[in-house]
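**Student:** My numbering puts the first residue of the sequence shown at 167, with every later residue one more than the last.
Yeah, the Cβ is synthetic: ideal placement off N, Cα and C, and Gly gets one too.
Predicted model, so just to flag it, every value in this text is computed and none were measured.
Got a structure for you, written out below as structure tokens; questions coming shortly.
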Amino acid sequence: MAVRYFGIRHHGPGSARSLDVALEEWRPDVVLIEGPPEADELIALAASEEMRPPVALLVHVVDKPRRAFFWPFAAFSPEWRAIGHGLAHDVPVRFIDLPAAIWLAPRRRENPDEEPERPRHRDPLSDLASAAGYADVERWWEDLVEHRRSVEHTATGPFEAIAEAMGALREGDPPVAGREAQREASMRHNIRAAVKEGFERVAVVCGAWHVPALTTATSMAADAITLKGLPRVKVSATWVPWTSGRLAAASGYGAGITSPGWYSHLFNVPDQVVARWFVKVARLLRSEDLPASSASLIDAVRLAEALATLRRRPLAGLDELNDATRAALCHGSDAPMALIAERLIVGRELGRVPSETPMVPLAQDLAREQRRLRLRVEATAREVDLDLRKPNDLDRSHLLHRLALLDIDWGEPVEVSGKTGTFHEVWQLQWHPELAVALIEAGMWGTTVADAATARTGHDADKAPSLSAVTGLLERSLLAELPEAVAHVMGVLADRAAIDTDVGHLMDALPALARALRYGDVRRTDASSIAAAVDGLVVRICIGLPVAASSLDDDAAGEMVRRILGVHESLSLLDRGDLSQGWRATLHQLVDRAGVHGLVAGRCSRLLLDAGAMEGAEAARRMSAALSVGEEPARGAAWVEGFLSGSALILLHDRALLQVVDGWLAGVGDETFTDVLPLLRRTFATFGAPERRQIGEHVRRLGDGTSGRSGAAAEADVDAARGELVLPVVARLLGLSR
167 MAVRYFGIRH HGPGSARSLD VALEEWRPDV VLIEGPPEAD ELIALAASEE
217 MRPPVALLVH VVDKPRRAFF WPFAAFSPEW RAIGHGLAHD VPVRFIDLPA
267 AIWLAPRRRE NPDEEPERPR HRDPLSDLAS AAGYADVERW WEDLVEHRRS
317 VEHTATGPFE AIAEAMGALR EGDPPVAGRE AQREASMRHN IRAAVKEGFE
367 RVAVVCGAWH VPALTTATSM AADAITLKGL PRVKVSATWV PWTSGRLAAA
417 SGYGAGITSP GWYSHLFNVP DQVVARWFVK VARLLRSEDL PASSASLIDA
467 VRLAEALATL RRRPLAGLDE LNDATRAALC HGSDAPMALI AERLIVGREL
517 GRVPSETPMV PLAQDLAREQ RRLRLRVEAT AREVDLDLRK PNDLDRSHLL
567 HRLALLDIDW GEPVEVSGKT GTFHEVWQLQ WHPELAVALI EAGMWGTTVA
617 DAATARTGHD ADKAPSLSAV TGLLERSLLA ELPEAVAHVM GVLADRAAID
667 TDVGHLMDAL PALARALRYG DVRRTDASSI AAAVDGLVVR ICIGLPVAAS
717 SLDDDAAGEM VRRILGVHES LSLLDRGDLS QGWRATLHQL VDRAGVHGLV
767 AGRCSRLLLD AGAMEGAEAA RRMSAALSVG EEPARGAAWV EGFLSGSALI
817 LLHDRALLQV VDGWLAGVGD ETFTDVLPLL RRTFATFGAP ERRQIGEHVR
867 RLGDGTSGRS GAAAEADVDA ARGELVLPVV ARLLGLSR
């Protein structure tokens, strides 16, 4: 019986290459790997032809899916190579780390919602790198292990030296405690169990730091005491696709690496590593219509190798490759380097798991829908333009809106210039591994996406904090084509609206209903039930708004203007004469009503003027009244702000209004002027520079009476005698004089 320990660095291509050779030479009859024992039954799926790394083991608490850990694997991860070796040679493969049921359990029983303690990885290599004269531990490790292109054909390879180095480092450290002690006790316990079963050649693949602790004689009783009484929770495990981008950052157990694409290249390329890397770079640059000549490639290869020699490295590393790429291929520009970093150094790989992988029913239904609708799952962001007149695109829209209701943010709506038609939707799709957790969590609502979204929407409607939140859910459930959810939300809306006497809440609720009613026919959804709700809300708003808009302070007036604009835009969208007529009558009441804040009155006057429900002369009269001596200057300034907010064109085209504003400003006293100036500056700051300049020119001409005058009147002001004085000079310039 023999137990051999292979101390590796997680996601290390050099470690993986050495491990491949060592396992092939020694041929163990059982392979034990640092990982969650709950996933032992899933190991066999790694042999499936459908399985393609990067992938991750996901272990989560059954009743709290957000409490989860990921154990990622790349094709060049030593643990993945160990799994592949065991499956290829038909020998048992097991995980021996501390069970995830303990990792994910609260440390204190009285706090079940406490976040699980995540594994902490001390990097002992920094001490060795420093002793070797390296300031950068990554460079030292790559030179020593990852860049090794030749591996000794022995059953131990570099692993004995690594174990000896780790042992020397741990000699001066105090004994580990807490989770680290529990992890190492669990590993020793599982190694003993394998030996007791009678296996003759036991291979243990674990982080190099743990090897000295596993080889040190420790009694079974001591380990049992360390593991006794640890709290556990019920967990479930599965495989999920992973991405190269997620490998570039620590997540759960998996230690992060900065350059998974480069490590993959190191592992997979048999020879001429530098030259083959630059071939990839050239391909990428040319695909983006960037220059990459053969001469530049040769220069880049030579420069990278020369830099490696100068820096005393056995092989050009990523630093040398990047320096050579920037100088020889990118001409010092960072933009192409950013492209190379995204596409090659990190990479865009998205893994795949077999169809027989255990998944919650909701995830299975989503996978079926993705295949039916031909929606690819990709790690990189891409835009999808949906034409809602096409049945398949309409179904895609329904699916994405349903997922959004479940907080599964696979897609996000995008506003794109030129795509504002009612039958267009543009989404940006990007799959993140964490969405697997969101799917598990959403599985509590139903077994299909449609059923889960319906149940979740009903629950959210019942718990909605405001009437506008209810109407927002109504709009979203219509976009998602969830008739049962629509019926439920409509019931909640009717109940809430019947007892809600706050006009502001009713005004906030209207825009979502108006959009749903306006675009329901485009999406072929039945929005007829919303029409009655819209009619009822508009009537109640028109009745209650005059009182609600009275006696407001400045902040409340600003909020009221926002709500008035929302209602006005909603009714313009619906384009219904009966509703618009009643709304305009209400605006007239606000304009005429005493006690209405100047900001509200001014804005309502402008809305009526733009809608053709108020003549220009009437608007000028009302502005004059608001800016008269009998009114407070602050109210007059607020009225002007409300009237002019957002557009200066009316002052450029209506001389009477401009004269009223100019005359009022000229007559404001010095002390009052300092009070109203901030309001006026805030108003005019919203205008563009050309508009402000034109207003100034028009005001200047008001003083000499020329602004807006006819051509004949302007011609009468010309001084002919003064003009004749310049005629001789003009004649000489034109060559007409001798």
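If contacts are defined as beta-carbon pairs under 8 angstroms, then V526 and L487 qualify, I think. What distance do you get, rounded to the angstrom?
**Tutor:** Not confirmed; about 43 angstroms, so no contact.
**Student:** What residue range does the beta strand (DSSP E) around L174 cover?
**Tutor:** This sequence places Ile at residue 174; Leu is not what is there. Per DSSP, I174 belongs to the beta strand (DSSP E) from A168 to I174.
**Student:** Apart from the five residues on each side of it in sequence, which residues of its chain come closer than 6 angstroms, Cβ to Cβ, to G877?
**Tutor:** At G877 the pLDDT is 39, less than 50, meaning the model places this residue with poor confidence and gives no usable figure here.
**Student:** Check S716 in the structure and name its three-state DSSP category.
**Tutor:** S716 falls in the strand class under three-state DSSP.
**Student:** Can you grab the Cα-Cα spacing for the pair G862 / G778, in whole Å?
**Tutor:** Roughly 27 angstroms separates the two Cα atoms.
**Student:** Only counting the same chain, and skipping five residues up and downstream in sequence, which positions put a Cβ closer than 8 angstroms to that of H319?
**Tutor:** Any reading at H319 needs caution, since the residue's pLDDT is 47, under 50, leaving its predicted position unreliable; the model's value is listed next. Closer than 8 angstroms at the Cβ level, and outside the excluded window around H319, lie V187 and E191.
**Student:** Helix, strand or coil: which one does DSSP assign to H376?
**Tutor:** Here H376 sits in helix by DSSP.
**Student:** Do P244 and V377 have their beta-carbon atoms positioned less than 8 angstroms apart in this structure?
**Tutor:** No; because the gap between Cβ atoms is not below 8 angstroms, this pair is not in contact.
**Student:** Whole beta strand (DSSP E) runs in the segment 336-361 with 3 or more residues, listed along the chain?
**Tutor:** With a minimum length of 3 residues, no continuous beta strand (DSSP E) run stays inside the segment 336-361.
**Student:** Measuring CB to CB, does H313 end up less than 8 angstroms from F242?
**Tutor:** For H313 and F242, no; Cβs fall outside 8 angstroms.
**Student:** Output yes or no for whether 8 angstroms exceeds the beta carbon distance between L270 and V228.
**Tutor:** No, the pair does not count as a contact, with Cβ atoms beyond the cut-off.
**Student:** Look up V399 in the DSSP assignment and say whether it is helix, strand or coil.
**Tutor:** V399: coil per DSSP, three-state reduction.
**Student:** Return helix, strand or coil for V406, following the three-state DSSP convention.
**Tutor:** In the structure shown, V406 sits in a strand (DSSP, three-state: E or B).
**Student:** I'd like the list of long-range same chain contacts for G764, defined as Cβ closer than 7 angstroms, with 5 residues on each side in sequence excluded.
**Tutor:** These residues qualify, in order along the chain: A792, R801, G802, A804, W805 and G808.
**Student:** Using DSSP with H/G/I as helix, E/B as strand and the rest coil, what is H255?
**Tutor:** The answer is coil: DSSP assigns H255 none of H, G, I, E or B.
**Student:** Measure the C-alpha to C-alpha separation of R859 and P844 and round it to an integer number of angstroms.
**Tutor:** Cα to Cα, R859 sits roughly 19 angstroms from P844.
**Student:** The alpha helix (DSSP H) that contains Q536, what's its start and end?
**Tutor:** Element bounds for Q536: P527 to R538.
**Student:** At what residue ranges does the segment 537-579 contain a whole run of the alpha helix (DSSP H), taking only runs of 4 or more?
**Tutor:** Correct list: 557-571.
**Student:** Ignore the nearest five residues each way along the sequence and tell me which others in A697's own chain have a CB closer than 7 angstroms to its CB.
**Tutor:** These residues qualify, in order along the chain: L683.
**Student:** Can you look up D186 in the DSSP assignment and give me helix, strand or coil?
**Tutor:** In this structure, D186 counts as helix in the three-state DSSP scheme.
**Student:** Tell me F236's beta-bridge partners as DSSP assigns them.
**Tutor:** DSSP, once it has assigned bridges, lists L224 as partnering F236.
**Student:** Using the three-state DSSP reduction, which class does W597 fall into: helix, strand or coil?
**Tutor:** Three-state DSSP puts W597 in coil, outside helix and strand.
**Student:** Report all residues from its chain with a CB closer than 8 angstroms to the CB of K446; omit the five preceding and five following residues, and keep chain order.
**Tutor:** Only H431 and L510 meet the Cβ criterion.
**Student:** According to DSSP, simplified to helix, strand and coil, what is K230?
**Tutor:** DSSP places K230 in strand when its eight states are reduced to three.
**Student:** Which same chain residues end up closer than 6 angstroms to G676 when comparing Cβ atoms and leaving out the 5 residues on each side of it in sequence?
**Tutor:** Checking the sequence, you will find Leu at residue 676 rather than Gly. Counting only Cβ-Cβ distances below 6 angstroms, and skipping sequence neighbours, we find L703, V733 and S736.
**Student:** Considering V197, what are the terminal residues of the beta strand (DSSP E) in which it resides?
**Tutor:** Unbroken beta strand (DSSP E) run through V197: V196 to I199.
**Student:** Is it right to say R866 is buried, meaning 16 or more other beta carbons lie within 10 angstroms of its own, or is it exposed?
**Tutor:** Exposed, by the Cβ-count rule.
**Student:** For the alpha helix (DSSP H) containing A483, list its first residue and its last residue.
**Tutor:** The amino acid at residue 483 is misidentified as Ala; the sequence shows Gly. First-last for G483: undefined, no H or E at that position.
**Student:** Could you give the uninterrupted runs of the alpha helix (DSSP H) lying entirely in the segment 439-467, keeping only those of 4 residues or more?
**Tutor:** The qualifying runs are 439-453.
**Student:** Do you know offhand how far R772's Cα is from F839's?
**Tutor:** So the two alpha carbons sit approximately 24 angstroms from each other.
**Student:** Report buried or exposed for T491, applying the criterion of at least 16 other Cβ atoms within 10 angstroms of its Cβ.
**Tutor:** T491 is buried by the Cβ-count criterion.
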